[in-house]
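**Q**
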Amino acid sequence: MPSFQSTFTTLQIPQPLNDNPVKIILCGYGPLGLALLKGLLKAQDQGLCQIVGVFRWSDALRQNSYKLPEFFLESAEAEIAKLCSEHQLHKLQGKGLNSYAFMTELLHLKPDMVLIGSWGEKLKAHLLNDTKALFINCHPSLLPAHRGPNPYASVILNNETETGVTFHRMSEIIDAGPIILQSRLPVYPDDDGGSIRERCSEVAQSLIPELLSLVTPTRMVGTALKEKIQDKAIASYFSALSADDARINWTVSPHELSRILRARFPWAMAYTPILMSQLRLYLGPAKAIENNPGREPDKPGRVISIDKTGLYLSTQVPKQQLRVQNYAVSIGSLKLSQRLSTLLLKLLKPFL
19 MPSFQSTFTT
29 LQIPQPLNDN
39 PVKIILCGYG
49 PLGLALLKGL
59 LKAQDQGLCQ
69 IVGVFRWSDA
79 LRQNSYKLPE
89 FFLESAEAEI
99 AKLCSEHQLH
109 KLQGKGLNSY
119 AFMTELLHLK
129 PDMVLIGSWG
139 EKLKAHLLND
149 TKALFINCHP
159 SLLPAHRGPN
169 PYASVILNNE
179 TETGVTFHRM
189 SEIIDAGPII
199 LQSRLPVYPD
209 DDGGSIRERC
219 SEVAQSLIPE
229 LLSLVTPTRM
239 VGTALKEKIQ
249 DKAIASYFSA
259 LSADDARINW
269 TVSPHELSRI
279 LRARFPWAMA
289 YTPILMSQLR
299 LYLGPAKAIE
309 NNPGREPDKP
319 GRVISIDKTG
329 LYLSTQVPKQ
339 QLRVQNYAVS
349 IGSLKLSQRL
359 STLLLKLLKP
369 FL
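Note that our numbering gives residue 324 to position 306 of the sequence shown, counting from 1, and the numbers run on in steps of one.
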């Protein structure tokens with residue numbers, strides 16, 4: 019697989035304009051939020067910016083009574099907390115960006131820029147218009163295409179061959195603000211939502227120096243920010259993945275099934291009911307392969323075999339089957355590990 023990095027030119031590191039680098043609050047979570055924090059920390063070491071606060075989405079959830087212990091959070095969230103501790107960064111608290119607590123912090127810290135990378139909240143007008151801070155969102159798509167909460171999945175579902183990362187000034191309409199900086203990257207045939215998220219996060223981190231080179235003069239010298247208004251005529255919006263449409267439709271082609279399974283991984287894996295609907299079999303990325311010659315056709319969705327190379331299921335095309343390498347069986351609300359799922363499937367194989 020070719021490296022996406024070859025499609026980007028080497029950036030010249032901007033030099034700070036004075037002894038007062040641009041002050042930044044970072045708000046985010048997950049791999050994208052972590053990547054932006056790493057990029058900002060490197061820039062801070064070079065004197066290009068000063069991180070005056072970090073607001074994690076998980077901390078906002080805690081303020082809203084979702085009190086998950088730290089060890090239940092995904093690894094990226096834990097690493098953000100670790101970096102904040104190691105670099106003695108101020109951790110913001112509040113019920114969200116629209117909260118009184120955050121507005122109080124904003125007025126106290128006086129940031130030049132609030133950089134957002136993954137956030138589950140729509141910003142209100144008073145926050146965008148009544149403060150001096152420049153609110154910039156990092157969106158992992160080529161805006162105005164694929165607005166919405168999960169462009170990693172929607173680019174696969176829409177059979178796109180490329181995606182990208184867009185830094186844009188925020189507006190009251192989600193993902194619709196003027197574009198400041200944008201970069202492209204390819205979508206490969208075997209990509210899943212997780213692999214696209216990983217590459218978009220890496221690109222976003224690499225673009226931090228260029229973003230600062232564009233924003234810093236506007237905050238320090240008063241130069242107008244160069245930005246491009248999004249073209250509404252070519253805009254597209256995709257809603258979040260829903261658990262209601264996660265059940266697999268085995269009447270579609272194997273290649274279409276593969277695309278659906280890759281798009282939904284790892285957030286909302288698609289499933290098929292097994293053992294008279296008493297259990298659910300969740301399937302990750304799958305590849306359509308040729309069936310063994312001479313094998314009798316099976317009912318679509320039936321488990322054919324399980325071995326070290328994966329789980330094999332029949333499809334509506336007799337000559338093709340799906341090979342799945344990430345899967346899990348759930349019993350009610352309990353989702354088993356892949357190892358236990360494999361043992362259970364082998365035990366139940368005669369009844370599936």
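Ideal Cβ positions, reconstructed from N, Cα and C, are used throughout, including at glycine.
Determine the DSSP secondary structure at P18, reduced to helix, strand or coil.
**A** A question about residue 18 goes unanswered here, because the residues of the chain that appear run from 19 up to 370.
**Q** What are the boundary residues of the beta strand (DSSP E) that includes P204?
**A** Residue 204 sits at position 186 when you count from the first residue of the sequence shown. Start and end: I197 to P204.
**Q** Have a look at V72, A96, K41 and A119 and flag the residue whose alpha-carbon is nearest the alpha-carbon of L152.
**A** The residue labelled residue 152 in the question sits at position 134 within the sequence shown. For L152, the nearest C-alpha among the options comes from K41.
**Q** Should the region 285 to 294 be called in touch with the region 242 to 250, which here means at least 3 C-beta pairs below 8 Å?
**A** no
**Q** Give, in chain order, every unbroken run of the alpha helix (DSSP H) that is at least 4 residues long and sits entirely within the region 238 to 269.
**A** none
**Q** Cβ atoms of M121 and V233: under 7 Å apart, would you say?
**A** Taking the sequence shown and counting its residues from 1, the one referred to as residue 233 is at position 215. Taking the sequence shown and counting its residues from 1, the one referred to as residue 121 is at position 103. Taking 7 Å as the Cβ cut-off, V233 and M121 do not qualify as a contacting pair.
**Q** Would you check if the region 249 to 257 and the region 148 to 165 touch, i.e. whether three or more CB-CB distances between them fall below 8 Å?
**A** yes
**Q** With DSSP collapsed to three states, give me the class of E308.
**A** The residue labelled residue 308 in the question sits at position 290 within the sequence shown. E308 falls in the strand class under three-state DSSP.
**Q** Is it buried or exposed, L365, if we count other Cβ atoms within 10 angstroms and call 16 or more buried?
**A** The residue given as residue 365 occupies position 347 in the sequence shown. L365 is classed as exposed because its beta carbon has fewer than 16 other beta carbons within 10 Å across all chains shown.
**Q** Terminal residues of the continuous beta strand (DSSP E) containing L133?
**A** Translated into positions along the sequence shown, residue 133 becomes position 115. It spans M131 to G135 - the beta strand (DSSP E) in which L133 sits, taken as one unbroken run.
**Q** In the DSSP assignment, find the unbroken alpha helix (DSSP H) run with E220 in it and report its ends.
**A** If you number the sequence shown from 1, residue 220 lands on position 202. G211 to S224 is the extent of the alpha helix (DSSP H) around E220.
**Q** Are the C-beta atoms of F120 and some chain B residue less than 7 Å apart?
**A** Although the question refers to chain B, the structure presented lacks it and comprises just one protein chain.
**Q** Output yes or no for whether 7 Å exceeds the beta carbon distance between S332 and I324.
**A** Along the sequence shown, read from residue 1 onward, the residue named residue 332 stands at position 314. Along the sequence shown, read from residue 1 onward, the residue named residue 324 stands at position 306. The answer is no: Cβ separation not under 7 Å.
**Q** Run through DSSP, which three-state label would H126 get?
**A** In the sequence shown, counting from the first residue as 1, residue 126 sits at position 108. Reduced to three states, the DSSP call for H126 is helix.
**Q** In or out: R265 buried (at least 16 other Cβ within 10 Å) or exposed?
**A** Within the sequence shown, residue 265 is the residue found at index 247, counting from 1. Label assigned to R265: exposed.
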